[in-house]
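Q: Quick one: the structure is below, questions incoming.
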Amino acid sequence: MTEILYPPLPADTAVSSAALGMGEKPLTPARLAWRRYRRHKIAMVSTVVLLIVAFMCVFAPLFTKYDPNTQIRANGVLQAFLHPQRGHWFGTNDKARDMWANVLYGGRISLEVGFVVAIVTTIVGTIVGVVAGYYGGWLDNVLMRVTDLFIAIPFLIGTILLSRLPGTQAWARTLMGPPQSVRAVIFVIAVFFWMPVARIIRGIVLSLKEKEFVEAARAAGASNFRIMFRHLVPNCTGQIIINTTLAVAAAILTESALSFLGFGVDSIFTPTWGNLLSNSQDSLDSYPYLVWAPGLAIVLTVLCVNFIGDGLRDALDPKQLSI
Amino acid sequence: MLRFIVRRMLWAIPVLIAGSFILFVALHLTTDPVKAAIHHNVSSDALIKFKHDLGLDKPLLEQYWIFLTKFFRGDFGTSYTSGAPVWPGLRTALANSLVLGFFAALFYLTIGIAIGVVSAIRQYSWFDHVSTGLSFFGLAMPPFFFGLVTIVLVGTFYETHFHSSTPLLPFIGGVYSPSTSGFDLVDRIKHLILPALTLSVQEIAIYSRYMRTGMLETLNSDYMRTARAKGISERRVTLRHGFRNALIPLTTFAGIDFGAVAGGLIITESIFGYPGMGRYFLESFHNADYPALLPWMMIVIGSVVLFNLLADLSYAWLDPRIRVD
Chain A
4 MTEILYPPLP ADTAVSSAAL GMGEKPLTPA RLAWRRYRRH KIAMVSTVVL
54 LIVAFMCVFA PLFTKYDPNT QIRANGVLQA FLHPQRGHWF GTNDKARDMW
104 ANVLYGGRIS LEVGFVVAIV TTIVGTIVGV VAGYYGGWLD NVLMRVTDLF
154 IAIPFLIGTI LLSRLPGTQA WARTLMGPPQ SVRAVIFVIA VFFWMPVARI
204 IRGIVLSLKE KEFVEAARAA GASNFRIMFR HLVPNCTGQI IINTTLAVAA
254 AILTESALSF LGFGVDSIFT PTWGNLLSNS QDSLDSYPYL VWAPGLAIVL
304 TVLCVNFIGD GLRDALDPKQ LSI
Chain B
236 MLRFIVRRML WAIPVLIAGS FILFVALHLT TDPVKAAIHH NVSSDALIKF
286 KHDLGLDKPL LEQYWIFLTK FFRGDFGTSY TSGAPVWPGL RTALANSLVL
336 GFFAALFYLT IGIAIGVVSA IRQYSWFDHV STGLSFFGLA MPPFFFGLVT
386 IVLVGTFYET HFHSSTPLLP FIGGVYSPST SGFDLVDRIK HLILPALTLS
436 VQEIAIYSRY MRTGMLETLN SDYMRTARAK GISERRVTLR HGFRNALIPL
486 TTFAGIDFGA VAGGLIITES IFGYPGMGRY FLESFHNADY PALLPWMMIV
536 IGSVVLFNLL ADLSYAWLDP RIRVD
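Sequence order for the protein chains is A and B. Anchor point for the first sequence: position 53 equals 56 in my numbering, and the numbering is continuous, going up by one each time. Anchor point for the second sequence: position 12 equals 247 in my numbering, and the numbering is continuous, going up by one each time.
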């Protein structure tokens with residue numbers, strides 16, 4: 004078959020042919036999305052800023068010579084509450100630790116909590132949503148009632164109670180790690196974060212499962228498992244990515260809220276943005292500068308993540324009005 | 236419509252019972268009133284007797300049943316820590332939270348909706364761009380960070396830069412200044428301003444975004460064109476036909492939001508030491524004070540369920556298209 008479907012284009016229409024997707028590289032959905040994403044300037048700037056923040060936190064030793072738990076001494080005297088100055092850009096806190104080092108190392112934990120919670124809850128929520136939506140019937144009913152129940156439990160109360168569990172129950176300690184550890188905090192937040200994803204995915208799957216391509220897959224002999232995870236889930240990719248991004252922001256805020264109330268990561272040896280901020284409250288009257296660094300770090304990160312989410316929404320789900 | 240209401244109300248009962256049971260079990264797994272009461276010279280016999288007197292040696296299900304029946308008979312019991320009846324303290328905390336929630340809601344709903352409407356009518360104007368940018372900031376702002384910043388501003392900053400010996404607004408503890416005797420409206424409102432502002436930051440951001448989206452949707456709908464074609468003034472078209480319809484989806488959101496007020500002010504209240512439901516919870520939780528915590532939980536879960544119900548009902552009432560039965 005050597006039929007020419009399209010006549011060869013004259014040279015001066017090269018630009019429009021590229022726009023029509025007839026350039027050298029084929030326009031896959033991912034490339035189209037990337038093209039739309041690049042056009043969202045604030046999202047692009049946010050991506051760069053977030054990458055810089057993440058880089059500085061991950062490679063913290065490159066940017067500070069202090070360990071977050073080293074107590075700063077001058078001539079053997081503890082240097083607590085140093086005002087911001089050369090060598091200590093954000094000053095030192097009540098424990099005579101360098102705040103700049105603490106903010107950098109604290110960012111590691113805050114970002115870790117954000118990303119791990121988002122990824123874990125997306126996986127759990129997607130599985131629950133796809134199973135509930137695909138099978139329907141009693142299984143759907145049970146899963147959705149459980150989801151309703153988790154939504155009905157006030158979020159902060161649930162997380163506070165759960166965060167105390169490893170302290171009193173041995174089985175909870177093996178499951179969640181020691182009380183007030185990073186692992187426990189991730190677990191606690193994740194337990195109350197999977198419901199929105201589950202609901203959204205279920206909604207999409209409900210409408211998708213009647214489509215012809217699912218019927219075709221079934222006729223070709225695909226198993227239920229294959230239909231769910233090779234045909235339905237990839238069709239929800241856009242929504243999944245958007246929700247994962249927003250969950251990162253929400254999880255970072257939640258971690259800091261829990262730390263603030265004293266139910267988060269133990270502040271003695273593990274700084275996080277939340278517990279740094281929480282500790283700054285005690286000396287707010289005399290040393291208000293301690294509030295700014297961790298607080299602004301949270302605002303900057305969450306702001307970037309939200310803008311990225313906004314850009315992704317425009318890129319992956321152009322039909323939806325962004326709010 | 237009646238079937239819809241009845242079905243929704245019946246569904247609320249199992250949610251309330253299951254939710255309270257889960258929290259009941261969680262509370263028993265995480266706290267121990269006996270341990271909280273241990274002092275140095277208490278013999279183990281006395282501890283066993285203490286546990287027995289409180290009824291804590293009974294099976295968990297039986298304890299839950301006793302609590303549930305007592306609760307619905309209006310018998311809230313006495314606090315382990317103070318020995319006083321639970322209800323008066325709980326009532327005060329609830330009233331304080333409701334006052335704060337109402338005051339804040341009035342503020343953020345007015346501002347949020349107004350910003351949303353103006354942004355939608357003047358889409359892509361400088362006002363729209365600025366408010367969009369600010370709303371992203373609002374969403375990224377943890378309430379406690381904002382709370383601490385306001386404290387710094389009205390406290391240290393105000394005192395040093397305006398040469399004052401007292402802060403601009405009270406920010407620590409209580410609903411009244413210690414010097415006030417009896418009811419003092421001005422003083423009461425002064426104590427409400429900072430907590431209400433702190434609560435409002437994220438809410439204004441959320442409501443203005445929702446309102447803008449809703450308003451844009453209605454502004455572009457066919458009935459708006461019809462209304463204009465009939466010669467109705469632009470102002471009336473926007474307010475009567477656009478604004479009112481755009482408010483409908485907001486009611487669901489507001490319902491869920493208000494439902495959380497009874498239990499959800501934990502952070503704001505603990506920043507400002509405001510004696511509401513959130514602080515009540517933290518204090519009782521710290522002391523493992525079951526008789527104080529259990530009715531608190533029922534009220535909090537109950538209000539979430541109730542306001543969800545009201546939101547659904549008002550939605551069905553305002554928008555007849557979604558009345559499903």
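For every residue, glycine included, the Cβ atom is placed at its ideal position computed from N, Cα and C.
Work out the CA separation of residue 533 of chain B and residue 252 of chain B for me, nearest whole Å.
A: On the second sequence, residue 252 of chain B is found 17 positions in, with the first residue counted as 1. On the second sequence, residue 533 of chain B is found 298 positions in, with the first residue counted as 1. Those two C-alpha atoms are separated by around 9 Å.
Q: Hey, quick one: how far does the alpha helix (DSSP H) through residue 127 of chain A stretch, first residue to last?
A: Here residue 127 of chain A is taken as the residue at index 124 of the first sequence, counted from 1. Its alpha helix (DSSP H) spans residues 102-138.
Q: Please report the straight-line C-alpha distance between residue 281 of chain A and residue 265 of chain A, rounded to a whole angstrom.
A: As a position in the first sequence, residue 281 of chain A is number 278, starting the count at 1. As a position in the first sequence, residue 265 of chain A is number 262, starting the count at 1. Taking the straight line joining both Cα atoms gives about 8 Å.
Q: Under 8 Å by Cβ, that's how I've got residue 453 of chain B and residue 481 of chain B pegged, so tell me the actual separation to the nearest angstrom.
A: Taking the second sequence and counting its residues from 1, the one referred to as residue 453 of chain B is at position 218. Taking the second sequence and counting its residues from 1, the one referred to as residue 481 of chain B is at position 246. Residue 453 of chain B to residue 481 of chain B, Cβ: 5 Å. Contact.
Q: Would you kindly check if the distance between the Cβ of residue 335 of chain B and the Cβ of residue 500 of chain B is under 8 Å?
A: Reading the second sequence from its first residue, position 265 is the one you call residue 500 of chain B. Reading the second sequence from its first residue, position 100 is the one you call residue 335 of chain B. Their beta carbons are under 8 Å apart, which means residue 500 of chain B touches residue 335 of chain B by this criterion.
Q: Among B:403, B:552, B:508, B:430, which one has its Cα closest to the Cα of residue 337 of chain B?
A: Residue numbering aside, residue 337 of chain B sits at position 102 when the second sequence is read from its first letter. The option with the nearest alpha carbon to residue 337 of chain B is B:430.
Q: Give the list of continuous alpha helix (DSSP H) stretches no shorter than 4 residues that lie fully inside the stretch 322-409 of chain B.
A: 361-375, 378-387, 393-396
Q: Quick one: which unbroken beta strand (DSSP E) runs of 3-plus residues sit fully inside the stretch 254-288 of chain A? Chain order, please.
A: none
Q: Nearest to residue 98 of chain A by alpha carbon, out of A:274, A:124, A:302?
A: Within the first sequence, residue 98 of chain A is the residue found at index 95, counting from 1. Considering only alpha carbons, the answer is A:274.
Q: As a quick exercise: from A:115, A:30, A:278, A:131, pick the residue whose alpha carbon is nearest that of residue 60 of chain A.
A: Indexing the first sequence from 1 puts residue 60 of chain A at position 57. Of the listed residues, the one whose Cα sits closest to residue 60 of chain A is A:115.
Q: Residues in the same chain with beta-carbon distance under 6 Å from residue 11 of chain A, minus the five sequence neighbours each way, listed in chain order, please.
A: Within the first sequence, residue 11 of chain A is the residue found at index 8, counting from 1. Confidence at residue 11 of chain A is low in this model, with a pLDDT of 46, below 50, so the placement of that residue is unreliable and no value is reported for it.
Q: Within 8 Å (strictly less), CB to CB, does residue 459 of chain B reach chain A?
A: In the second sequence, the residue the question calls residue 459 of chain B occupies position 224. False, the Cβ-Cβ gap to chain A never drops below 8 Å.
Q: Count the other CB atoms, across all protein chains shown, that sit within 10 Å of the CB of residue 268 of chain A; report buried if there are 16 or more and exposed otherwise.
A: Here residue 268 of chain A corresponds to residue number 265 of the first sequence, with the count starting at 1. It is buried - the Cβ of residue 268 of chain A has at least 16 other Cβ atoms within 10 Å.
Q: Strictly by DSSP, which residues pair up with residue 80 of chain A?
A: Position 77 of the first sequence holds residue 80 of chain A. Answer is A:77, bridged to residue 80 of chain A.
Q: Decide if residue 370 of chain B is buried, meaning its Cβ has at least 16 other Cβ atoms within 10 Å, or exposed.
A: Taking the first residue of the second sequence as position 1, residue 370 of chain B is located at position 135. Flag for residue 370 of chain B reads buried.
Q: Of all the CB atoms in chain A, is at least one closer than 8 Å to the CB of residue 467 of chain B?
A: Within the second sequence, numbered from 1, the residue matching residue 467 of chain B stands at position 232. Judged by the 8 Å Cβ criterion, residue 467 of chain B is not in contact with chain A.
Q: Apart from the five residues just before and just after residue 154 of chain A, which ones in its own chain have a Cβ nearer than 6 Å to its Cβ?
A: Working through the first sequence from its first residue, we reach residue 154 of chain A at position 151. Around residue 154 of chain A: 198.
Q: Rounded to whole angstroms, what's the CA-CA distance from residue 520 of chain B to residue 88 of chain A? Just pull it up for me.
A: Taking the second sequence and counting its residues from 1, the one referred to as residue 520 of chain B is at position 285. Taking the first sequence and counting its residues from 1, the one referred to as residue 88 of chain A is at position 85. Taking the Cα positions, residue 520 of chain B is about 41 Å away from residue 88 of chain A.
Q: Since I believe residue 152 of chain A is in contact with residue 245 of chain A (beta carbons under 8 Å), could you give me their beta-carbon distance rounded to a whole number of angstroms?
A: Sequence index remark: in the first sequence, residue 245 of chain A carries index 242 (1-based). Sequence index remark: in the first sequence, residue 152 of chain A carries index 149 (1-based). Taking the Cβ atoms as the reference, residue 245 of chain A lies roughly 25 Å from residue 152 of chain A, outside the contact range of under 8 Å.
Q: Given that residue 212 of chain B touches chain A, what residues does it touch there, using C-beta distances under 8 Å?
A: Because chain B here runs from 236 to 560, residue 212 of chain B falls outside it and cannot be looked at.
Q: Rounded to the nearest angstrom, how far is the Cβ of residue 142 of chain A from that of residue 134 of chain A, given a contact under 8 Å?
A: Working through the first sequence from its first residue, we reach residue 142 of chain A at position 139. Working through the first sequence from its first residue, we reach residue 134 of chain A at position 131. With 8 Å as the limit, residue 142 of chain A and residue 134 of chain A qualify as a contact, their Cβ atoms being about 7 Å apart.
Q: Where do the N-terminal and C-terminal ends of the alpha helix (DSSP H) with residue 244 of chain B fall, by residue?
A: The residue labelled residue 244 of chain B in the question sits at position 9 within the second sequence. Residues 237-265.
Q: Looking only at its chain, what residues have a beta carbon closer than 8 Å to the beta carbon of residue 526 of chain B, apart from the 5 residues adjacent to it on each side?
A: On the second sequence, residue 526 of chain B is found 291 positions in, with the first residue counted as 1. Here the set comprises 311, 312, 313, 314, 315, 321.
Q: Is the CB-CB distance between residue 488 of chain B and residue 352 of chain B below 8 Å?
A: As a working mapping, residue 488 of chain B is identified with position 253 in the second sequence. As a working mapping, residue 352 of chain B is identified with position 117 in the second sequence. For residue 488 of chain B and residue 352 of chain B, no; Cβs fall outside 8 Å.
Q: Would you say residue 560 of chain B lies against chain A (beta-carbon separation less than 8 Å)?
A: For the purposes of this step, residue 560 of chain B is taken as residue 325 along the second sequence, with counting starting at 1. Any reading at residue 560 of chain B needs caution, since the residue's pLDDT is 44, under 50, leaving its predicted position unreliable; the model's value is listed next. Answer no: the Cβ-Cβ gap between residue 560 of chain B and chain A never drops below 8 Å.
Q: Taking only three categories from DSSP, how would you classify residue 91 of chain A?
A: Here the question's residue 91 of chain A lines up with position 88 in the first sequence. Looking at residue 91 of chain A - three-state DSSP - the assignment turns out to be strand.
Q: Can you tell me which of the three DSSP states residue 304 of chain A falls into?
A: In the first sequence, the residue the question calls residue 304 of chain A occupies position 301. Three-state result, residue 304 of chain A: helix.
Q: Roughly how many angstroms lie between the CA atoms of residue 304 of chain B and residue 297 of chain B, to the nearest whole one?
A: Locating residue 304 of chain B in the second sequence gives position 69, where the first residue counts as 1. Locating residue 297 of chain B in the second sequence gives position 62, where the first residue counts as 1. Near 11 Å, if we compare the C-alpha coordinates of residue 297 of chain B and residue 304 of chain B.
Q: Let me make sure I understand the geometry here. Which of A:254, A:148, A:243 has the alpha-carbon closest to that of residue 196 of chain A?
A: Stepping through the first sequence from its first residue, residue 196 of chain A is reached at position 193. The shortest C-alpha separation from residue 196 of chain A is found at A:254.
Q: Output needed in chain order: residues of the stretch 255-273 of chain B with a Cβ under 8 Å from some Cβ in chain A.
A: 257, 258, 261, 262, 264, 265, 266, 267
Q: Find the residues of chain A that neighbour residue 453 of chain B, judging by a C-beta separation of less than 9 Å, and give them in chain order.
A: Translated into the one-based positions of the second sequence, residue 453 of chain B becomes position 218. Under the 9 Å cutoff, chain A gives no residues; its nearest Cβ is about 12 Å from residue 453 of chain B.
Q: Could you give the uninterrupted runs of the alpha helix (DSSP H) lying entirely in the stretch 411-491 of chain B, keeping only those of 4 residues or more?
A: 420-454, 457-464
Q: Residues bridged to residue 313 of chain B by DSSP?
A: The residue you call residue 313 of chain B lines up with position 78 of the second sequence. Paired residue(s): B:320.
Q: Please report the distance separating the alpha-carbon of residue 107 of chain A from that of residue 384 of chain B.
A: Position 104 of the first sequence, counting from 1, holds the residue named residue 107 of chain A. Position 149 of the second sequence, counting from 1, holds the residue named residue 384 of chain B. If I take the Cα positions, the gap works out to 21 Å.
Q: In the stretch 292-305 of chain A, which residues sit with their C-beta less than 7 Å from some C-beta in chain B, listed in chain order?
A: Going along the stretch 292-305 of chain A in chain order, one finds 294, 298, 301, 302, 305 with a Cβ nearer than 7 Å to chain B.
Q: Taking all protein chains shown into account, do 16 or more other C-beta atoms lie within 10 angstroms of the C-beta of residue 214 of chain A, making it buried, or fewer, making it exposed?
A: Counting from 1 along the first sequence, the entry for residue 214 of chain A is found at position 211. Taking a 10 Å sphere around the C-beta of residue 214 of chain A, we find fewer than 16 other C-beta atoms and assign the residue as exposed.
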